[in-house]
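In my numbering, the protein residues as written are 1 to 314.
Every residue gets a Cβ at the ideal spot worked out from N, C-alpha and C, and that includes glycine.
This one's a predicted model, so the numbers in the text were calculated from it and none came from an experiment.
Beneath this line is the structure, given in structure tokens, with notes to follow.
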């Protein structure tokens, strides 16, 4: 009983410590927020900016601005160019190589969305494997806590009685977490940089038809008739517990009965808004929420509006 109390207290203590650390990381960096405000207000549609220019506009020392820009570069919020830096649109989730390729293929158009079809997100097999990898270790741990004899005997047989069953069950949970992360990364790596989807303000919707494609699929602004977002139960579960919301985006083209379906697109509602905006020829919403999106993309917390009239949903 004393050991059980010890493990419970240790688990609670670890959870509280992790929560405190997480909340500590969520504190806002006012300097980074100021730099992002300058970037989104002055350079949202510009091709290039320099550290010296941002320092001049913000009134911050050059070395301070440089530190913030380097941090933003690591998060993908800005990209280094030949003559300085470029602000990457907050809804562009492409690798630097694919972003450069998209700029080349769109003739340096203003790319307002870029991502990959994340097929693995809605795959029942992948979801089942990842679920079992986490559920089985946790179940073993819970049954060990309650001294379920068959499980205790199984653990003792595996270790030869040399390791305490409670400690071994915790080890199994740790292995499960590592295995979950490993499988998730492998699946993501297999899917990464395949089937790219890009939206440019002038060039419209461009997409890959096969992994080695060069954005040969294209829907111009005037051809878009209707857009819809579809999320199945697996998408909804992923959006609740996963790191990246995803959903199917359907685009109807004038003169065609069946829609083009983009499977498991990251941030599907935002893609819907982007496509709707280029359909109407207006990007006012993008400029309105650019600062909040950039704060989130640059991992500058907290992600909520700090100025009156710039909040979400207003």
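* **Helix, strand or coil at residue 26 [DSSP, three-state]** => Confidence at residue 26 is low in this model, with a pLDDT of 49, below 50, so its placement is unreliable and the value that follows should be read with caution. The three-state secondary structure of residue 26, taken from DSSP, is coil.
* DSSP on residue 231, reduced to helix/strand/coil? -> Judged by DSSP in its simplified three-state form, residue 231 adopts coil rather than helix or strand.
* Asked: Going by other Cβ atoms of all chains shown within 10 Å of its Cβ, with 16 needed for buried, is residue 202 buried or exposed?
  -> An exposed status is given to residue 202, since fewer than 16 other beta-carbon atoms sit within 10 Å of its beta-carbon.
* residue 266 - containing beta strand (DSSP E), residue span -> Bounds of the beta strand (DSSP E) holding residue 266 are 260-266.
* Asked: Counting along the chain, where does the alpha helix (DSSP H) carrying residue 71 start and finish?
  -> Note, residue 71: alpha helix (DSSP H), 62-75.
* Asked: Is the Cβ-Cβ distance between residue 219 and residue 209 less than 7 Å?
  -> Cβ atoms of residue 219 and residue 209: not closer than 7 Å.
* How far does the alpha helix (DSSP H) with residue 197 in it reach, from first residue to last? -> Here residue 197 belongs to no alpha helix (DSSP H); instead the beta strand (DSSP E) covers 196-200.
* To do: Report the three-state DSSP secondary structure of residue 41 (helix, strand or coil).
  => Here residue 41 sits in helix by DSSP.
* By a C-beta neighbour count over all protein chains shown, 10 Å radius and 16 as the cutoff for buried, is residue 277 buried or exposed? -> Residue 277 sits buried, since 16 or more C-beta atoms from the chains shown fall within 10 Å of its C-beta.
* Continuous beta strand (DSSP E) stretch holding residue 48: start and end -> Note, residue 48: premise wrong, no beta strand (DSSP E); not H, not E.
* Roughly how many whole angstroms lie between the Cα atoms of residue 235 and residue 264? -> Residue 235 and residue 264 have their C-alpha atoms some 8 Å from each other.
* Asked: CB residue 244 to CB residue 266, shorter than 7 Å?
  -> Residue 244 is a Cβ neighbour of residue 266, given a cutoff of 7 Å.
* Asked: Considering only residues of the same chain and omitting the five flanking positions on each side of residue 226, which have a CB-CB separation below 7 Å?
  -> Correct list, in chain order: 252.
* Asked: Could you give the distance in angstroms between the alpha-carbon of residue 260 and the alpha-carbon of residue 224?
  -> One C-alpha to the other measures close to 10 Å.
* Asked: At what residues does the alpha helix (DSSP H) containing residue 357 begin and finish?
  -> An answer regarding residue 357 cannot be provided, because it is not within the stretch 1 to 314 covered by the chain.
* To do: Could you have a look at residue 212 and say whether DSSP puts it in helix, strand or coil?
  => Residue 212 falls in the coil class under three-state DSSP.
* In angstroms, rounded to a whole number, what distance separates the CA positions of residue 165 and residue 119? -> Approximately 39 Å between the Cα atoms of the pair.
* Look up residue 59 in the DSSP assignment and say whether it is helix, strand or coil. => Coil at residue 59, not helix or strand.
* Asked: Leaving out five residues before and five after residue 216 in sequence, what residues of the same chain have Cβ atoms less than 6 Å from its Cβ?
  -> 209.
* To do: Only counting runs of 4 or more residues, tell me where the alpha helix (DSSP H) segments fall wholly within the segment 92-126, in order along the chain.
  => Counting only runs of 4 or more, we get 96-105.
* From the DSSP output, in three-state form, read off residue 218 for me. => Strand at residue 218.
* Exposed or buried, which one is residue 294 when buried takes at least 16 other CB atoms within 10 Å? -> Classification of residue 294: buried, given that the 10 Å Cβ count is 16 or more.
* Asked: Residues bridged to residue 87 by DSSP?
  -> Residue pairing by DSSP puts residue 87 in a beta bridge opposite 78.
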